[in-house]
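Quick note: the sequence shown uses our numbering, first residue 2, plus one each step.
For every residue, glycine included, the Cβ atom is placed at its ideal position computed from N, Cα and C.
Everything numeric in this text was worked out from a predicted model, so none of it was measured.
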Amino acid sequence: MNQLLCPKNIKLYNNHNYKFKHIHRNNILHYGDWGIIATNEGILTPNQIEASRCSLSKYIKNIGKVWIKIFPTHAVTKRIKDSRMGSGKGRFLKWVYVVRPGDIIFEATFLSLKFMLKIFKSIRNKLPIKIKLIYK
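See below:
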């Protein structure tokens, strides 16, 4: 796994279960003029974030600048298939990011509407959640 897509200092791997509530933070554009925002809840893995980033960098190159506003910080655990009841929560499986409605995923600047629509269509196919494009 890419070291940039998992936390460095981990104290506990076993997190509490996540709740999908409407978000009241990370929903304002801080850096760029364009933003890609989540419209429903879901879970993003590091591979999905990396695929979206590669798609963005393929189109943008040196024209504009992109900021990734999310980072996978939630550990997912899983028990083995034939385990009996009890005996703990299970072992660490992977890192994920819990997306809530209204969460900004990417920000971009120095790009036209036509260009952003092309990028938006390529990212929409790589993410398992519904997204929309916003402008500052």
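C-beta contact flag for residue i and residue j at 8 Å
{"i": "Leu134", "j": "Phe121", "result": "yes"}
{"i": "Ala76", "j": "Asn16", "result": "yes"}
{"i": "Ile124", "j": "Ile71", "result": "no"}
{"i": "Gly91", "j": "Lys82", "result": "no"}
Residue i: first and last residue of the uninterrupted beta strand (DSSP E) it sits in
{"i": "Phe72", "result": "Element bounds for Phe72: n/a, residue is neither H nor E."}
{"i": "Lys133", "result": "132-136"}
{"i": "Lys95", "result": "92-100"}
{"i": "Ile81", "result": "First-last for Ile81: undefined, no H or E at that position."}
Status (buried if at least 16 other CB within 10 Å, exposed otherwise) for residue i
{"i": "Leu45", "result": "buried"}
{"i": "Pro8", "result": "exposed"}
{"i": "Gly65", "result": "buried"}
{"i": "Leu57", "result": "buried"}
{"i": "Asp104", "result": "buried"}
{"i": "Arg85", "result": "exposed"}
{"i": "Gly87", "result": "exposed"}
Element boundaries [alpha helix (DSSP H), containing residue i]
{"i": "Cys107", "result": "Reading the sequence as shown, one finds Phe at residue 107 and not Cys. No alpha helix (DSSP H) contains Phe107, which is instead part of the beta strand (DSSP E) from 105-110."}
{"i": "Ile50", "result": "47-61"}
Helix, strand or coil at residue i according to DSSP, with G and I counted as helix
{"i": "Leu128", "result": "coil"}
{"i": "Leu30", "result": "coil"}
Check whether the region 124-134 and the region 87-96 are in contact - that is, three or more C-beta pairs closer than 8 Å. no
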